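First residue of the sequence shown? That's 1021 in this note's numbering, and the numbers climb one at a time after it.
Report on the following structure.
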Amino acid sequence: MAGQSVSSKIAKAGSPSRRDVIKLAGAGALLPATAASAQTADVPAVSASRSFPPGFLWGAATASYQIEGAWQEDGRGESIWDRFAHAPGKIRNGDTGDVADDHYHRYREDVQLMKALGARTYRFSTAWPRVFPQGTGNPNPKGLDFYNRLVDELLANGIEPFATLYHWDLPQALQDSVGGWESRDTAKAFADYAGYVAEKLSDRVRKFFTTNELSAFVELGHRDGIFAPFLSSAGAGVPKFTDEDLRAIASPLDFVGINVYTPVYVRAIGAPSGYEVVPPAKSHPRMASSWQLFGPEALYWAPRHLQKIWNVKEIYISENGCGAADEPAADGIVYDTDRIMFLRSYLASLQRATAEGVPVRGYFLWSLLDNFEWADGYGTRFGLVHVDYASQKRTPKLSAAYYSEVIRRNALP
Ligand code: NOJ
């Protein structure tokens, strides 16, 4: 099935068990409505008005370049993000994805982290330059093998894989030879790559997203010049859509994924656009990334509009989360109270949508792990699990305990 977004071993010594994650939930009175307080007389255990539909798929999301590292291993080709990150001055602190979370080598440990959370699903992306180092031509079997191992490990642990085929790591060879996404040849190469991955993985992966946040890599990468491939005046020679393209684009989708982070407030006007953006107040609360206004109602309105306007029958929240300045406290715990506030509020909006019948079938929290936040480097942390980049030690944050409790109850605590 395709949509748009837009083996079996060991918990390594030191991986947290589900019990450890839950224990953390009881670590303080910081979670006013979690396991401990829900048992007090005046708080109902689970109010029906707080629950999600049966079978709701709770999970977490990541993307290849942001977590894998191993940038030159097993025949992987260069991507536009490697090229961009290795150029001086492009990324905060000169950070690169060369090592990132070293997930390429630590994926088993990371699957155990998901299991400890109680996650039922996981959204990852396949790195095109691992599978086709030159973008087209001969596939690299070792590149695909990594995703075979990952998928097998997920399934052996009862976690349903969702794969994204393009999360921004275009093979540099395609940028150099044909001009990347400004050329029709890249779309054709993408179709061949997508077909190849689907052929190899679809015996075990039932759900594929095609591209992640089209507008981000088009606008930030080709207009604003702040993302790879760092172009600011592209577009002049871009081929026009043909009728045939539009027919292909209009093919029905099995489902739609949307990444929901922040609201944009608008009002109706009598101009052709029909609306204009209302500037937010200077004092409007924000999360740690400057672009992220706090606006939990977005997680109600976005899926609701998708249903009403496009009549979508199966919706996934393919990403939602927030950055924070997480640091372990003296007792070793990461008290990310801001993320818990964020999740509690946003998930209440999502619960309202599902209770009103909006067909949201699953939710992928961004992100499982702290990771390479593109031009912001490693300074902004989005993970449920803290990563100490020097040692690669993983530590579930307080929000992991909160989220685990949401999953366990299939309801808001
Ligand atoms: C959306 C992107 O898909 C993801 O890669 C990024 O890290 C998050 N937004 C947070 O900015």
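Every residue, glycine too, gets a C-beta built ideally from N, C-alpha and C.
Nothing here was measured: the structure is a model prediction, and the numbers come from that model.
| query | result |
| --- | --- |
| E1088 Cβ short of 7 Å to the ligand NOJ heavy atom set | no |
| Selection from A1136, V1297 and S1387 that minimises the alpha carbon distance to R1287 | V1297 |
| Residue ranges of each alpha helix (DSSP H) within the stretch 1319 to 1386, 4 or longer | 1357 to 1375 |
| Chain-order list of residues whose beta-carbon lies under 6 Å from that of S1127 (same chain, five-residue window excluded) | First, the residue type needs correcting, since residue 1127 is Tyr and not Ser in the sequence shown. L1170. |
| Contacts around R1143, its chain only, beta-carbon distance under 7 Å, and the 5 residues preceding and following it disregarded | G1079, A1081, F1182, T1184, S1338 and F1384 |
| Bridge-paired residues (DSSP) for S1141 | Sequence inspection shows Thr at residue 1141; the Ser mentioned does not correspond to that position. BP columns for T1141 point to G1079 and E1180. |
| Sequence-distant residues of its chain with Cβ nearer than 7 Å to V1041 (five each side left out) | Bear in mind that the predicted position of V1041 carries a pLDDT of just 44, short of 50, making it unreliable; the figure below should be weighed with that in mind. Same-chain partners within the cutoff: A1136, L1137, P1416, A1420, A1421 and S1424. |
| Cutoff 7 Å; reference V1198; Cβ partners in own chain excluding five residues on either side | D1205 and T1206 |
| Buried/exposed call for F1362, threshold 16 Cβ in 10 Å | buried |
| Any non-hydrogen atom of the ligand NOJ closer than 7 Å to A1083 Cβ | yes |
| Residue(s) in a DSSP beta bridge with A1395 | According to DSSP, A1395 bridges with nothing at all. |
| Per DSSP, cross-strand counterpart(s) of P1191 | S1099 |
| Integer-rounded CB distance, given that F1210 should sit under 8 Å from Y1186 | 7 Å |
| Whole-angstrom distance between F1392 and A1301, CA atom to CA atom | 30 Å |
| Limits of the beta strand (DSSP E) - the one that E1296 falls within | Y1295 to V1297 |
| heavy atom of the ligand NOJ below 7 Å from E1239 C-beta | no |
| Proximity winner among Y1295, I1278, A1345 and D1351, relative to Y1320 (alpha-carbon distances) | I1278 |
| F1228 beta carbon near the ligand NOJ (any heavy atom closer than 7 Å) | no |
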